[in-house]
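Asker: In the numbering used here, the protein residues as written are 2 to 370.
No residue lacks a Cβ here, since even glycine has one placed at the ideal position from N, Cα and C.
This is the structure, below, for whatever I ask next.
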């Protein structure tokens, strides 16, 4: 990347790097390339999308493929637990660090979420902030989406959204009943996404509540097996699609009443943003971007866009789901207000880009090394 720039006669003000795969660019920029006047004043930003993935190998391997001098492989630079960490290199040498939500930016400065880099991130907290991701509002638009059964908007969702539910129930072989509470879930099937909580309460939820549960995703075999087991045990209440289908995903967002996302950690999350866009009320754990983007329902003021729970606890999640179910069945006007509030939120890139512009402008006014 850096060697190419003089050849194409392009001198960017800022190089914005994402995740460990680009982690060595800030390192090179301030070491191997620092003697070339062409690169003077060039700044770098390092964005963390998920701190769990860091690009860690043994020092010999990273030194061999990078050509970086051995003096850079020390605990204050690239060395990490006797190996070499490419993301850490970017975090040490970048002029600024961003991640994809304010709450996650704070969480990763703690040992619980810091994945071994909390000390470094705490030391750099004055040069770090979170900016929430956006979604493509043209691609995810219930008023124009040609993958869903019937289009709708904030003005007519009360009638048209129910048509989507009935069509999806029919497609999946569930009991066709527009009044039945339908929960959706679309996810990678990993421990990050809270599937151990789901496994713990699924019997209790499906055996006692008037619900339908629709899941689409793929991942670890233990979670695929768990979901398939419950779908087999409760065929009239639960359907599971192992794999990913763009069409089915849009249909789930458009058809369900609620969307479950009980993540152990969630740097930003996109599924809750899509569910809000489609008027499907999110039920989330208060972590990372989920905490920043879902406003808890307040039964007294009627404010909120969804439901949330704080602790990573299966029965706290179950009670939150039950509370949401009770609002749906007993306070339908409140539920419709929640839906309308969610659909009125702006999580398009139009909102996020303003924050990145401020960051870039601020970075360019700082002293140039």
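Do you know how far the Cα of residue 105 is from the Cα of residue 370?
Answerer: Because the pLDDT of residue 370 is 41, which lies under 50, any placement of that residue in the model is unreliable, and the number read from its coordinates should be weighed accordingly. One C-alpha to the other measures close to 29 Å.
Asker: Taking 6 Å as the limit between beta carbons, can you name the residues of its chain near residue 215, skipping five residues before and five after?
Answerer: 185, 240 and 253, listed in sequence order.
Asker: Is it true that the region 48-65 meets the region 86-104, where meeting means three or more beta-carbon pairs spaced less than 8 Å apart?
Answerer: yes
Asker: Suppose you measure from the CA of residue 34 to the CA of residue 243; what does that come to, to the nearest Å?
Answerer: 48 Å
Asker: Can you tell me which residues form a DSSP beta bridge with residue 18?
Answerer: 47
Asker: Can you name, in chain order, every residue of its own chain whose Cβ lies under 7 Å from the Cβ of residue 171, other than the five neighbours on each side?
Answerer: 177
Asker: Less than 8 Å between the beta carbons of residue 255 and residue 279, yes or no?
Answerer: yes
Asker: Please report the Cβ distance between residue 149 and residue 129, rounded to the nearest whole angstrom; I am assuming they are in contact, meaning their Cβ atoms lie under 8 Å.
Answerer: Not confirmed; about 39 Å, so no contact.
Asker: If I'm right that residue 289 touches residue 270 with Cβ under 8 Å, what's the distance once you round it to whole angstroms?
Answerer: Right, their Cβ atoms sit about 7 Å apart.
Asker: Rounded to the nearest angstrom, what separates residue 93 and residue 291 at their Cα positions?
Answerer: 28 Å
Asker: Please list, in chain order, all residues of the same chain as residue 193 whose beta carbon is under 8 Å from its beta carbon, the five residues on each side excluded.
Answerer: 53, 264, 265, 266 and 267, listed in sequence order.
Asker: Apart from the five residues just before and just after residue 323, which ones in its own chain have a Cβ nearer than 6 Å to its Cβ?
Answerer: none
Asker: Counting only the same chain and skipping the five closest in sequence on each side, list residues whose C-beta sits under 6 Å from that of residue 48.
Answerer: 19 and 99
Asker: Does residue 350 come out as helix, strand or coil in the three-state DSSP assignment?
Answerer: helix
Asker: Who does residue 130 pair with in a DSSP beta bridge?
Answerer: 99
Asker: What does the alpha-carbon distance come out to for the pair residue 203 and residue 146?
Answerer: Using only the alpha carbons, I get a separation of about 32 Å.
Asker: Let me make sure I understand the geometry here. Which of 50, 109, 226 and 157 has the alpha-carbon closest to that of residue 24?
Answerer: 50
Asker: For the ligand NAD, I want to know if residue 227 counts as a neighbour, meaning its beta carbon is within less than 7 Å of at least one of the ligand's heavy atoms.
Answerer: With respect to the ligand NAD, the structure offers nothing, as it holds no ligand at all.
Asker: With distances taken between CB atoms, is the gap from residue 220 to residue 179 smaller than 8 Å?
Answerer: No Cβ-Cβ contact shorter than 8 Å links residue 220 with residue 179.
Asker: By DSSP, does residue 86 sit in helix, in strand, or in coil?
Answerer: strand
Asker: What alpha helix (DSSP H) runs, 4 residues minimum, are completely inside the region 184-225?
Answerer: 196-209
Asker: Quick one: what does DSSP say residue 286 is sitting in, helix, strand or coil?
Answerer: strand
Asker: Spatial neighbours of residue 163 within its chain, please: C-beta separation below 6 Å, excluding the five flanking residues on both sides.
Answerer: 179
Asker: Would DSSP call residue 143 helix, strand or coil?
Answerer: It is coil, neither helix nor strand.
Asker: Nearest by alpha-carbon distance to residue 284: which of 318, 301 and 353 is it?
Answerer: Just measuring C-alpha positions, the residue of 318, 301 and 353 sitting nearest residue 284 is 318.
Asker: Which two residues bound the contiguous beta strand (DSSP E) that contains residue 123?
Answerer: Residue 123: not part of any beta strand (DSSP E); member of the alpha helix (DSSP H) spanning 119-124, first to last residue.
Asker: Residue 275: which of 301, 287, 307 and 299 sits nearest, CA to CA?
Answerer: 307
Asker: So, is residue 236 buried or exposed, given that buried needs 16 or more other C-beta atoms within 10 angstroms?
Answerer: Exposed.
Asker: If residue 44 and residue 365 are in contact, beta carbons under 8 Å, what's the gap, nearest whole angstrom?
Answerer: 7 Å
Asker: Helix, strand or coil for residue 309? Go by DSSP, reduced to three states.
Answerer: Strand.
Asker: Can you have a look at residue 131 and say buried or exposed, based on whether 16 or more other CB atoms are within 10 angstroms of its CB?
Answerer: buried
Asker: Compare the Cα-Cα distances from residue 250 to each of 140, 46 and 12 and report the closest residue.
Answerer: 140
Asker: Please state whether DSSP places residue 6 in a helix, a strand or coil.
Answerer: helix
Asker: I need the DSSP call for residue 338, collapsed to helix, strand or coil.
Answerer: Residue 338: helix per DSSP, three-state reduction.
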